[in-house]
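*Asks:*
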Amino acid sequence: MTRATRGFWPLRDLPVVFWLLAAVTTAVLHPFVPAPRWLTIHLLLLGAVTHAVLVWSRYFADALLHCPELPSDRRLQSRRLLFLNAGVLVVVAGVLTGWWPVTVAGASAVASAVVWHGVDLVRRMRRSLPARFGATVRFYVAACCCLPVGALLGTLLARGLDDPLHARLILAHAVVNVLGWMGLTVVGTLVTLWPTMLRTRVADGAERSARRALPVLVVAVSVAAVGAAAGTRPVAAAGLAGYLVGLALVAGSFLATARLKPPSSFPTWSVLAAMGWLAGCVLALAVSMGMAASWAEAADRFTWVTPYLAAGFGAQVLLGALSYLVPMALGGGPSPVRAANAALDRGGALRVVTVNAGLLVCALPVPATVRVVVSVLVLGGLASFLPLLVVAIRASRRARVGPGVGATPRTGPPPGRPQGQVSGLAVTGLATVALAVAVGVALDPAALAGGRVGVAASAGIEATGRTTTVRVEAADMRFVPARIAVPAGDRLVIELRNADDTDVHDLVLDTGDDTGRLSPGESAVLDVGVVGRDLDGWCSVLGHRQMGMVLRVEATGAAAQSRTGARSAEEPVGDHAGHAHGPQQRRTDPGPPTRPDEHGGSSAAIGLDFMAAPGTSFTAHDAALPALEDRRVHRRTLTVTELEREVAPGVSARLWTYAGTAPGPVLHGEVGDTFVITLVNDGTVGHSIDFHAGALAPERPMRTVPPGESLVYRFTATMAGIWMYHCSTMPMSGHIASGLFGAVVIEPPGLPDVDRSYVLTQSELYLGEPGGPVDMGKLRSETPDAVVFNGYANQYDHRPLRARVGERVRIWLLDAGPNRGTSFHVVGAQFDTTYAEGAYLLRHGPGGAQSLSLAPAQGGFVELAFPEAGRYPFVSHVMLDAERGAHGIFDVR
Numbered sequence: 065m066t067r068a069t070r071g072f073w074p075l076r077d078l079p080v081v082f083w084l085l086a087a088v089t090t091a092v093l094h095p096f097v098p099a100p101r102w103l104t105i106h107l108l109l110l111g112a113v114t115h116a117v118l119v120w121s122r123y124f125a126d127a128l129l130h131c132p133e134l135p136s137d138r139r140l141q142s143r144r145l146l147f148l149n150a151g152v153l154v155v156v157a158g159v160l161t162g163w164w165p166v167t168v169a170g171a172s173a174v175a176s177a178v179v180w181h182g183v184d185l186v187r188r189m190r191r192s193l194p195a196r197f198g199a200t201v202r203f204y205v206a207a208c209c210c211l212p213v214g215a216l217l218g219t220l221l222a223r224g225l226d227d228p229l230h231a232r233l234i235l236a237h238a239v240v241n242v243l244g245w246m247g248l249t250v251v252g253t254l255v256t257l258w259p260t261m262l263r264t265r266v267a268d269g270a271e272r273s274a275r276r277a278l279p280v281l282v283v284a285v286s287v288a289a290v291g292a293a294a295g296t297r298p299v300a301a302a303g304l305a306g307y308l309v310g311l312a313l314v315a316g317s318f319l320a321t322a323r324l325k326p327p328s329s330f331p332t333w334s335v336l337a338a339m340g341w342l343a344g345c346v347l348a349l350a351v352s353m354g355m356a357a358s359w360a361e362a363a364d365r366f367t368w369v370t371p372y373l374a375a376g377f378g379a380q381v382l383l384g385a386l387s388y389l390v391p392m393a394l395g396g397g398p399s400p401v402r403a404a405n406a407a408l409d410r411g412g413a414l415r416v417v418t419v420n421a422g423l424l425v426c427a428l429p430v431p432a433t434v435r436v437v438v439s440v441l442v443l444g445g446l447a448s449f450l451p452l453l454v455v456a457i458r459a460s461r462r463a464r465v466g467p468g469v470g471a472t473p474r475t476g477p478p479p480g481r482p483q484g485q486v487s488g489l490a491v492t493g494l495a496t497v498a499l500a501v502a503v504g505v506a507l508d509p510a511a512l513a514g515g516r517v518g519v520a521a522s523a524g525i526e527a528t529g530r531t532t533t534v535r536v537e538a539a540d541m542r543f544v545p546a547r548i549a550v551p552a553g554d555r556l557v558i559e560l561r562n563a564d565d566t567d568v569h570d571l572v573l574d575t576g577d578d579t580g581r582l583s584p585g586e587s588a589v590l591d592v593g594v595v596g597r598d599l600d601g602w603c604s605v606l607g608h609r610q611m612g613m614v615l616r617v618e619a620t621g622a623a624a625q626s627r628t629g630a631r632s633a634e635e636p637v638g639d640h641a642g643h644a645h646g647p648q649q650r651r652t653d654p655g656p657p658t659r660p661d662e663h664g665g666s667s668a669a670i671g672l673d674f675m676a677a678p679g680t681s682f683t684a685h686d687a688a689l690p691a692l693e694d695r696r697v698h699r700r701t702l703t704v705t706e707l708e709r710e711v712a713p714g715v716s717a718r719l720w721t722y723a724g725t726a727p728g729p730v731l732h733g734e735v736g737d738t739f740v741i742t743l744v745n746d747g748t749v750g751h752s753i754d755f756h757a758g759a760l761a762p763e764r765p766m767r768t769v770p771p772g773e774s775l776v777y778r779f780t781a782t783m784a785g786i787w788m789y790h791c792s793t794m795p796m797s798g799h800i801a802s803g804l805f806g807a808v809v810i811e812p813p814g815l816p817d818v819d820r821s822y823v824l825t826q827s828e829l830y831l832g833e834p835g836g837p838v839d840m841g842k843l844r845s846e847t848p849d850a851v852v853f854n855g856y857a858n859q860y861d862h863r864p865l866r867a868r869v870g871e872r873v874r875i876w877l878l879d880a881g882p883n884r885g886t887s888f889h890v891v892g893a894q895f896d897t898t899y900a901e902g903a904y905l906l907r908h909g910p911g912g913a914q915s916l917s918l919a920p921a922q923g924g925f926v927e928l929a930f931p932e933a934g935r936y937p938f939v940s941h942v943m944l945d946a947e948r949g950a951h952g953i954f955d956v957r
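So the sequence shown is numbered by the numbering used here: it starts at 65 and just counts up by one.
Written as structure tokens, this is what we have:
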């Protein structure tokens, strides 16, 4: 470009910063924004990267083709960029609101801007003389042909498709957009930009390699996309393998240049790391595509790769390139360029090592808490570009008026730092990641289990000097083998492997020794030491011990000390998987004590006072039915979080929640509506979700999701009613009692309007230690400490629900259980309409009803009009439950 294109240009320089800020903000606030995963990725790739591609591919095309800039060029390019960014905003708005026509309009604008850009590049190629690196511009034109196809696939996905078609088109969409639109642009640009960044000559044969690679890459993208869309996994895998071949054709000159002049600055390190992640992610996808048994499995593996492709490749190549290009775009002469380069290179080795080591840790099967802490560190490393950009702009401005105006021109990056300083920053980055891992382990309660105090395993017996090693697998709520015989006096070493596909397990012994939490596929070695007595072991994940996940170590031989013996209070335990009930099995551990006073005063139930009032800052759970949205596809992200919350005045418990509330958010729709729910597991153990409002095979959508992973659950509501959704991970009773439940209201056709609609969900509290998890002993003996509406004891006594005399009020009711039914009654009022489980029991007429009875997982609604002003209590007429929290008030004025 000419000098006219340098300096500050708002439509060129500001949108990338805006999209990056938006992506970082979304990542930080992900529990509070809709579809955070989709939004973060698209703000980064569709927003920031696509804008940068349009800006800089034009920049390099003009430079390589030696095209002079015409007076009208900037004006036309500004319009094109404005059109692009407006289209991206409309796409985001359309997807988040579920308005498909809006999404189509936005995608059309984005595709039109890119096609316009491609046509402009072709015209410039035709006007210019042959150039040595003109093939690079052909990469750009080919990339422009990819994005409109990707936009079309994206609009089809936004419409809402059933599996496996949805899973297939997601992969095709990603291949065309990421490997085609982004990948072709990056590979073509680096042919000349990479040696320029390293301040060395282009490697011999680089342009020839690029010309050979282009058709290979284009064909590979086409084959992979067509194979995915057609549902042929081997073809898709072959296309991805072909893409690796195309990358290999240009990798020779790329690496030869790096050997000639090794990377020594943040831009070059970042770009090199990005290309490594691109190749690694494509390889992982090709292998997994070839090995996957179904499209559902292939989709899961693609979902796992996506963040690393976006952050490792997309973000790093963008930030690396911008760190080199922005100083030149700011212009002003050699001194300002050097000053801006120096600012953007600050802490380069530290940032690159932190980001890439952190991404590698996140890719490993580490505990969820570790992944969360390290991912925050990675986000910080990437986001550091934004404040450094501000520093660079200021440094450039200061240099324009400061000394050094007559310095020798040098527009490349600043001179390399001393090797010792670079190495020190790199080591600091590794140490920072290691510290983040340690913090994550420390924050995981399971990691602190080693503090348990128990009785020594040796029981004073003399050691034999021998070692017994036993391999144990944890899967399907069992240890295999569940009994271990070890000669008394032998040292026992247990090699435990978590063979489950989804759930987290551990092994805790009554000595206080434990393995720590193990994610699926992980292993640990537990050195028990010398064994002189029988030992009991169990999995400490909530409910797993009660489901029969226990292990027995028996010391054999004449020298064995007195045995603890098998417990006599054996109980049958159902083996639950989703809604399928297997044969009864037996356990050897009766679980925790069942009454509050048996906890030695440590139970949170000791503090229950049903007459107490909450604090003045207390806000009751909003019981109002959410408004019916004017759309037929409802998209929602439900993130499982584990947190401590107050459940009664002065009483707190450790809850598992969907989207931070127990019960979870109420979903509201009509018959025929489609719900697309993204479940994100930010907990420490496996969780799942089961929507009673949909009818579909449960194997995939209701499967348990390991910590740190997610799934997309799609269903169409074909029948009316108020339906329960809940976690179906074993033991379901424990997961539901911990707060993982909610309601979906599907209105019957022709449902009359009313003045007010409320939703009340009844559930039970089984309180353990203050601020602790559910007491599984109380749960198994069905002795709840409280029965509550919408998660908090008597909350609507203190924050009454409002109504006016003569208004028609509809109360939707759901009994979430997990064990107790309800008989809903409003004191002083009568129901003229009752509806339960999809049918009217009573329609508005001469008859009336005094209560609506529901068993666990049943729902319905009642309608009434209050005859006069006053305070009308509402209760479960199972009076014991009304007296322990299932109570509230309608304040009628």
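All residues carry an ideal CB built from backbone N, CA and C; glycine is no exception.
Bear in mind the structure is a predicted one, so any value in this text is a computation, not a measurement.
Compare the Cα-Cα distances from Gly411 to each of Pro331, Gly354, Met392 and report the closest residue.
*Replies:* Pro331
*Asks:* What residues are listed by DSSP as bridge partners for Thr703?
*Replies:* In the DSSP output, where bridge partners are listed per residue, Thr703 has Val744.
*Asks:* Hey, how far is the Cα of Phe377 from the Cα of Thr370?
*Replies:* 10 Å
*Asks:* Should His130 go down as buried or exposed, given a rule of 16 or more other Cβ atoms within 10 Å for buried?
*Replies:* His130 comes out exposed.
*Asks:* I need the boundaries of the alpha helix (DSSP H) containing Phe330, first residue and last residue.
*Replies:* 330-355
*Asks:* Any chance the region 748-758 sits against the region 780-800, with 3 or more Cβ pairs inside 8 Å?
*Replies:* yes
*Asks:* Mapping the DSSP letters down to three states, classify His130 as helix, strand or coil.
*Replies:* coil
*Asks:* Ignore the nearest five residues each way along the sequence and tell me which others in Gln894's own chain have a CB closer than 8 Å to its CB.
*Replies:* Correct list, in chain order: Gly912, Ala913, Gln914, Leu928.
*Asks:* According to DSSP, what are the bridge partners of Tyr965?
*Replies:* Limits of the chain in this structure are 65 at one end and 957 at the other, which puts residue 965 out of reach.
*Asks:* Since I believe Ala374 is in contact with Ile753 (beta carbons under 8 Å), could you give me their beta-carbon distance rounded to a whole number of angstroms?
*Replies:* Contact doesn't hold; Cβ gap of about 25 Å is too wide.
*Asks:* On the DSSP bridge assignment, give the partners of Asn562 in chain order.
*Replies:* Ala538
*Asks:* Using DSSP's beta-bridge definition, name the partner residues of Met788.
*Replies:* Ala807
*Asks:* Among Pro398, Ala301, His230, which one has its Cα closest to the Cα of Val465?
*Replies:* Cα-wise, what sits closest to Val465 is Pro398.
*Asks:* According to the neighbour-count rule (16 or more other Cβ atoms, all chains shown, within 10 Å of its Cβ), is Tyr904 buried or exposed?
*Replies:* exposed
*Asks:* For the alpha helix (DSSP H) that Thr418 lies in, which residues bound it at each end?
*Replies:* 412-427
*Asks:* On the DSSP bridge assignment, give the partners of Val890 in chain order.
*Replies:* Bridge partners of Val890: Phe938.
*Asks:* From Val939, Ser797, Ser716, Ile741, pick the residue whose C-alpha is nearest to that of Leu831; which is it?
*Replies:* Leu831 has its Cα closest to that of Ser716, out of Val939, Ser797, Ser716, Ile741.
*Asks:* Under DSSP, the alpha helix (DSSP H) around Gln826 begins and ends at which residues?
*Replies:* Per DSSP, Gln826 is not a residue of any alpha helix (DSSP H); the beta strand (DSSP E) it occupies stretches across 820-829.
*Asks:* Using the three-state DSSP reduction, which class does Ile953 fall into: helix, strand or coil?
*Replies:* Strand, per DSSP.
*Asks:* Going along the chain, which unbroken runs of the beta strand (DSSP E) with 3 or more residues stay wholly within the region 199-232?
*Replies:* none
*Asks:* Would you check if the region 489-507 and the region 429-439 touch, i.e. whether three or more CB-CB distances between them fall below 8 Å?
*Replies:* Yes: the two stretches touch, three or more of their Cβ pairs being nearer than 8 Å.
*Asks:* Less than 6 Å between C-beta atoms, sequence neighbours within five positions excluded: which residues of the same chain meet that for Thr528?
*Replies:* Gly553, Asp554
*Asks:* Can you tell me where the alpha helix (DSSP H) with Ser286 in it begins and where it stops?
*Replies:* Per DSSP, Ser286 belongs to the alpha helix (DSSP H) from 270-294.
*Asks:* Quick check on DSSP: helix, strand or coil for Val852?
*Replies:* strand
*Asks:* In whole angstroms, what separates the C-alpha of Val213 from that of Tyr204?
*Replies:* 15 Å
*Asks:* Give a yes or no on whether 9 Å exceeds the smallest Cβ distance from Arg464 to chain D.
*Replies:* Annotation note: the requested chain D is absent from the structure, which comprises a single protein chain.
*Asks:* When the Cα atoms are used, what is the spatial distance from Thr658 to Ala669?
*Replies:* Reliability fails at Thr658, whose pLDDT of 35 lies under 50, so the model's placement of it is uncertain and the value that follows must be treated cautiously. Distance between the alpha carbons of Thr658 and Ala669: 11 Å.
*Asks:* Would you mind giving the Cβ-Cβ distance between Gly870 and Pro95, rounded to the nearest angstrom? I have them listed as a contact below 8 Å.
*Replies:* Contact doesn't hold; Cβ gap of about 41 Å is too wide.
*Asks:* Is the beta carbon of Ser827 less than 9 Å from the beta carbon of Ser887?
*Replies:* Contact flag unset, no.
*Asks:* Beta-carbon separation of Thr161 and Arg695 under 9 Å?
*Replies:* Contact: yes.
*Asks:* Count the C-beta pairs between the region 535-555 and the region 563-571 that are closer than 8 Å, then say yes if the count reaches three, no if not.
*Replies:* yes
*Asks:* Quick check on the burial criterion: 16 or more other C-beta atoms within 10 angstroms. Buried or exposed for Val309?
*Replies:* With fewer than 16 other Cβ atoms within 10 Å, it is exposed.
*Asks:* What residues in its chain sit with their C-beta under 6 Å from that of Arg616, if we drop five residues either side in the sequence?
*Replies:* Contacts found: Arg547.
*Asks:* Under three-state DSSP, which class holds Ile525?
*Replies:* In the three-state DSSP reduction, Ile525 falls in the coil class, being neither helix nor strand.
*Asks:* Excluding five sequence neighbours on each side, which residues of the same chain lie with their C-beta closer than 6 Å to the C-beta of Arg365?
*Replies:* Ser352
*Asks:* In the DSSP output, which residue or residues are listed as bridge partners for Asp578?
*Replies:* Val572
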